[in-house]
Amino acid sequence: MGSEGSSVVVPRNFRLLEELERGEKGIGDGTVSYGMDDADDIYMQSWTGTIIGPPGTVHEGRIYQLKLFCGKDYPDNPPSVRFQTRINMTCVNHETGVVEPQLFPMLANWKRERTMEDILLQLKKEMMSPQNRKLTQPPEGNEEARIDQKVDEKPIPQDQNVLQKHVGFFDRNQDGIIYPWETFRGFRAIGCGYFLSFVAAIFINGGLSHKTRPGKFPSLLLPIEVKNIKRAKHGSDSGVYDSEGRFVPSKFEEIFRKHARTHADALTSDELKGLLKANREPKDYAGWLASYTEWKILYVLGKDTHGLLHKDTIRAVYDGSLFQKMEKEHSRKKINKQKDE
1 MGSEGSSVVV PRNFRLLEEL ERGEKGIGDG TVSYGMDDAD DIYMQSWTGT
51 IIGPPGTVHE GRIYQLKLFC GKDYPDNPPS VRFQTRINMT CVNHETGVVE
101 PQLFPMLANW KRERTMEDIL LQLKKEMMSP QNRKLTQPPE GNEEARIDQK
151 VDEKPIPQDQ NVLQKHVGFF DRNQDGIIYP WETFRGFRAI GCGYFLSFVA
201 AIFINGGLSH KTRPGKFPSL LLPIEVKNIK RAKHGSDSGV YDSEGRFVPS
251 KFEEIFRKHA RTHADALTSD ELKGLLKANR EPKDYAGWLA SYTEWKILYV
301 LGKDTHGLLH KDTIRAVYDG SLFQKMEKEH SRKKINKQKD E
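Numbering of the sequence shown is given in full-length UniProt numbering, commencing with residue 1 and proceeding in unit increments.
Here it is in structure tokens:
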């Protein structure tokens with residue numbers, strides 16, 4: 001990045017590419033992150049930021065999503081910054097979520113060498129300030145649409161079917177399209193390592209992208225269209241999702257009625273292998289691999305200390321709520337680890 005007093009003026013797009021690269025590598029302890037909304041945005045204008053609330057404040061453990069918009073005059077002028085997640089802070093408009101420049105000195109006294117990273121880190125510091133650290137906050141999960149929301153910024157859909165909700169967690173900016181880097185970030189958010197997250201992103205997006213984009217030319221960016229995710233259903237599965245992506249309770253209960261021999265509401269590793277074998281369709285090798293991979297990842301992430309994969313855990317993964325829970329738990333563990341160090 002540029003430094004104060006430097007005579008070299010870095011062009012806008014080169015500057016943003018530098019910021020993108022740094023954002024993808026991660027910032028400090030991981031409690032602040034940012035990335036582009038749309039890889040096809042050649043002007044690199046729309047960005048999403050995340051701040052995990054600092055410990056010792058009312059914000060502790062909360063995950064705040066922000067939108068940053070870098071106009072064509074950035075970095076000569078600051079980006080606009082808006083909290084998508086509702087928050088009470090002295091510098092944030094209560095109705096719109098906009099960070100008011102006149103109340104946030106970094107934006108009011110903007111310098112060209114400042115970056116989006118600087119903004120997010122400063123906002124995190126503001127959360128710890130005496131005037132903000134104890135302010136009563138809106139209930140968690142209150143992600144209502146803001147009144148000044150831009151046309152291309154969509155709230156989390158409420159009318160999705162269960163299969164869409166299952167994959168919707170990985171649509172990190174909720175634009176209806178899941179790119180490999182969003183899948184990667186989703187797996188990292190729930191505590192997976194870099195290697196597993198990378199492999200999962202390539203495997204999932206590589207396998208599902210073309211199926212969810214009927215009639216469209218294949219894209220090297222491997223986007224998955226959430227609205228068409230039902231087209232990506234593979235064979236040799238449990239049948240818990242029907243052809244329209246709806247949840248089928250009888251099929252879900254059948255899993256445990258037929259395969260839960262040791263415990264009525266949980267599966268052991270061997271029982272899971274039996275389930276996969278029973279679901280195999282003749283010569284459906286792609287379906288076998290897809291089912292094995294999905295269930296193996298779920299077992300590794302969701303089993304308890306006794307090696308049991310519980311019924312409520314499996315139920316939660318079908319509607320995507322397990323991923324949200326795991327993300328919060330992973331965030332809290334990171335914060336607690338920081339306290340101990």
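Positions of the beta carbon are idealized from the N, C-alpha and C atoms, including for glycine. It should be emphasised that the depicted structure is a prediction, and the values quoted were computed from it without experimental measurement.
| request: Taking residue 36 as part of the alpha helix (DSSP H), name the residues at either end of that continuous run. | output: Counted from its first residue, the sequence shown places residue 36 at position 36. Here residue 36 belongs to no alpha helix (DSSP H); instead the beta strand (DSSP E) covers 32-36.
| query | Using CA coordinates, which residue listed in 255, 319, 285 and 334 is at the minimum distance from residue 309? | reply | As a working mapping, residue 309 is identified with position 309 in the sequence shown. Comparing Cα-Cα distances from residue 309 to each of 255, 319, 285 and 334, the minimum goes to 255.
| task | Take residue 65 as the anchor and find which of 75, 55, 286 and 87 has the nearest alpha-carbon. | result | On the sequence shown, residue 65 is found 65 positions in, with the first residue counted as 1. Cα-wise, what sits closest to residue 65 is 87.
| residue 94 versus residue 69: straight-line alpha-carbon distance, rounded | Here residue 94 refers to the residue found at position 94 of the sequence shown. Here residue 69 refers to the residue found at position 69 of the sequence shown. Those two C-alpha atoms are separated by around 19 Å.
| field | For residue 229, the first and last residue of its enclosing alpha helix (DSSP H) | value | As a working mapping, residue 229 is identified with position 229 in the sequence shown. It is not in any alpha helix (DSSP H) - residue 229 carries neither H nor E in the DSSP assignment.
| said: Classify residue 348: buried if its beta carbon has 16 or more other beta carbons within 10 angstroms, exposed otherwise. | reply: Only positions 1 to 341 of the chain appear in the structure, and residue 348 is not among them; the question remains open.
| said: Bridge partners for residue 45 per DSSP, in chain order? | reply: Here the question's residue 45 lines up with position 45 in the sequence shown. DSSP, once it has assigned bridges, lists no residue as partnering residue 45.
| message | Give me, in chain order, the residues of the same chain whose beta-carbon lies closer than 7 Å to that of residue 352; leave out the 5 immediate sequence neighbours on both sides. | response | Here the chain covers residues 1 to 341 and nothing more, so residue 352 does not appear.
| query | Out of curiosity, what's the CA-to-CA distance linking residue 300 and residue 33? | reply | As a first step, residue 300 is located in the sequence shown; it is residue number 300 there, counting from the start. As a first step, residue 33 is located in the sequence shown; it is residue number 33 there, counting from the start. Those two C-alpha atoms are separated by around 26 Å.
| task | Could you pull out every residue in the same chain whose Cβ sits closer than 7 Å to the Cβ of residue 15, ignoring the five residues on either side in sequence? | result | Here the question's residue 15 lines up with position 15 in the sequence shown. 75.
| request: With DSSP as the reference, label residue 104 as helix, strand or coil. | output: For this step, residue 104 is matched to residue 104 along the sequence shown. Annotated three-state conformation of residue 104 is coil, per DSSP.
| query | Just curious, the alpha helix (DSSP H) that residue 255 is in, first and last residue? | reply | By one-based count along the sequence shown, residue 255 stands at place 255. Annotation: the continuous alpha helix (DSSP H) that includes residue 255 extends over 249-259.
| Does the beta carbon of residue 206 fall short of 7 Å from some heavy atom of the ligand MG? | Ligands in the displayed structure: none, and consequently the ligand MG is not present.
| task | Below 7 Å CB to CB, which residues in the same chain sit around residue 264 once its five sequence neighbours on both sides are set aside? | result | Position 264 of the sequence shown, counting from 1, holds the residue named residue 264. Beyond the five residues adjoining it in sequence on each side, residue 264 comes within less than 7 Å, by CB distance, of 256 in the same chain, given in chain order.
| task | Compare the C-alpha of residue 24 against each of 188, 45 and 13 and name the closest. | result | Indexing the sequence shown from 1 puts residue 24 at position 24. Residue 188 is the option with its Cα nearest to residue 24.
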